[in-house]
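Have a look at the structure below before the remarks.
Number of protein chains: 2
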Amino acid sequence: MTEPTPAFARATDAHELEEGTVLAPRFDANGLITCVAVDAATNEILMLAHMNAEALSLTMATGEAHYYSRSRKALWKKGETSGHTQKVSEIRIDCDQDAVIIKVTMGGTGAACHTGRRSCFYRTIPLGAPASADTKLAFTGDEPRFDPKAVYGKHEH
Amino acid sequence: MTEPTPAFARATDAHELEEGTVLAPRFDANGLITCVAVDAATNEILMLAHMNAEALSLTMATGEAHYYSRSRKALWKKGETSGHTQKVSEIRIDCDQDAVIIKVTMGGTGAACHTGRRSCFYRTIPLGAPASADTKLAFTGDEPRFDPKAVYGKHEH
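From first to last, the protein sequence lines are chains A and B.
Note that the first sequence covers residues 910 to 1066 in the working numbering.
Note that the second sequence covers residues 910 to 1066 in the working numbering.
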C-alpha cells in the first residue's frame, strides 16, 4: 500500500481524550497501538496485535483487519497469505485511546492464530502459586485447524 | 510489596515457545507484557493494562489482579484505591508468550475503568471511511457507575 499516512487529531487534555468524541489515538514511540481481535458472535479473544496509523485507517475504511508486523516491519492485511481474513463489524477504543478492540468474523477455517488454532490464547497459566522456572502451562483443547507449514512460507503473525 | 523478582524460564526456540508447556513469558524492553482483563461470565473485555514479572507472579499466587502502572512506575493491585478488585479465575497466555488474558469477576460496582464505566472500551470508531482529524467517536451507553473524582485522589489506571 502506498497511501499517505492519515492525519489524526490530537487530544489537548485528559478530559478530552477520555470523555470526548474526537478520535485522537495515542500511538506509542514506535507509532503503534495495541489491537485485540475478538469473535463478533461470542466475544472470544482471538489474537492481540498492533496497528500503526495506516493499518488503523485501512481497517476503518475497508472493514478488513490490517495490522503492522513488528517482526517484519510491514503493514499486514490479515489473511493475505493464509486466507484467514477478519471482517470487522465494530471497532472500539479505550479510555486513554492507546488500545482498540475489533469485533471480527473470521474467514478460512476460522483459525486466527498462525499456529493453526482458533485463538492465540490456547494455553493456561496455573493459579495458586507464584511463578517459577518450573511453572507448567496447560493446553485448552483448541486444536490446530490447518498445518502452518503448508500455509506459510514464514511466520505471518 | 518487597518480594524478590520471580525467576521465569526462557524458551530456547520458537517451537518450544509456541508448542511447549513451559511458562516463558517474553517481557518487553521495559520488562512488561500486555494483559487483557475480560469478564469471566460474559467474555466482555473490561480493560487492557501491563504486568511486570512481579505483577504476573502475584496475580498467579493470589488470584487477585496485579498490574504495573507505566505512568506511576509502580506495582498496582487493582482495586486497592477504589475497591474495584478483580478476582482471577483463569489466566491464558498467547502463542508467542508476550500477552496474557485474565478472566475476572469484578468487585465494587463492577466498573473496571477509572472513568467509572464497566469497560474502558466505551466508545466506537466509525467504519466505512479512512481516518481523518474529524473522525468522531460514538459512546456505547456504558454509563459511569461511580464518580471518579470522589474515589481517586489521582488517576489509578
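From the three backbone atoms N, C-alpha and C, an ideal C-beta is built for every residue, glycine too.
Asked                                                                                                                                                                                                           : Found
Taking 9 Å as the CB-CB cut-off, is B:Y1031 touching chain A?                                                                                                                                                   : yes
Using a Cβ-Cβ cut-off of 9 Å, state whether A:T1024 counts as contacting chain B.                                                                                                                               : yes
At which residue ranges does the stretch 977-1005 of chain B contain complete beta strand (DSSP E) runs of 3 or more residues, listed in the order of the chain?                                                : 983-986 and 995-1002
In the structure shown, what three-state DSSP assignment does B:T1033 receive?                                                                                                                                  : strand
Between A:D1070 and A:A923, is the Cβ-Cβ spacing less than 9 Å?                                                                                                                                                 : Only positions 910 to 1066 of chain A appear in the structure, and residue 1070 of chain A is not among them; the question remains open.
Distance check for B:A916 and B:V1060, CA to CA, integer angstroms please.                                                                                                                                      : 36 Å
At a CB distance below 9 Å, what residues from the stretch 1036-1050 of chain A approach chain B? Give them in sequence order.                                                                                  : L1036, G1037, A1038, P1039, A1040, S1041, A1042, D1043, T1044, K1045, L1046, A1047, F1048 and T1049
Would you be able to state if there are at least three C-beta pairs under 8 Å between the stretch 968-986 of chain B and the stretch 1039-1048 of chain B?                                                      : no
Can you give me, in chain order, the residues of the stretch 993-1006 of chain A that have a beta carbon less than 7 Å from any beta carbon in chain B?                                                         : V997, E999, I1000, R1001, I1002, D1003 and C1004
Could you spell out where the alpha helix (DSSP H) holding A:A970 opens and where it closes?                                                                                                                    : A962 to T971
Buried or exposed: B:E928, going by 16 or more other Cβ atoms within 10 Å of its Cβ?                                                                                                                            : exposed
Between B:L1036 and A:G972, what straight-line distance do the alpha-carbon atoms span, to the nearest angstrom?                                                                                                : 7 Å
Could you check whether the stretch 935-944 of chain A touches the stretch 952-963 of chain A, counting it as contact only if at least three pairs of C-beta atoms, one from each stretch, sit closer than 8 Å? : yes
Per DSSP, what kind of secondary structure is B:H959 in: helix, strand or coil?                                                                                                                                 : strand
So which of B:A950, B:I954 and B:G940 has the shortest CA-CA distance to A:D1003?                                                                                                                               : B:I954
What does the alpha-carbon distance come out to for the pair A:R1026 and B:A1008?                                                                                                                               : 16 Å
Looking at the unbroken alpha helix (DSSP H) that takes in B:K1058, where does it start and where does it end?                                                                                                  : P1057 to V1060
Among residues of its own chain, excluding the 5 on either side of B:S966, which ones have a beta-carbon nearer than 7 Å to its beta-carbon?                                                                    : P915
Quick one: what's B:T943 bridged to in DSSP?                                                                                                                                                                    : B:H959 and B:A1008
Tell me whether B:A923 sits in a helix, a strand or coil according to DSSP, three-state version.                                                                                                                : helix
For B:D948, which beta-bridge partners are listed by DSSP?                                                                                                                                                      : B:V1013
How would you call B:T921, buried or exposed, if buried means at least 16 neighbouring beta carbons within 10 angstroms?                                                                                        : exposed
So, using beta-carbon positions, are B:K1012 and B:E999 closer together than 9 Å?                                                                                                                               : yes
Quick check on B:A946: buried or exposed, where buried means 16 or more other Cβ atoms within 10 Å of its Cβ?                                                                                                   : buried
Contact check, A:A981 vs A:T1018 under 8 Å by CB: the rounded distance?                                                                                                                                         : According to the sequence displayed, residue 981 of chain A carries Arg and not Ala. Not really, about 23 Å apart at Cβ, beyond 8 Å.
Closer than 6 Å by C-beta to A:T1014: which residues in its own chain qualify, once you throw out the five before and the five after it? Chain order, please.                                                   : A949 and K996
Going by beta-carbon coordinates alone, are B:L957 and A:T943 separated by less than 9 Å?                                                                                                                       : yes
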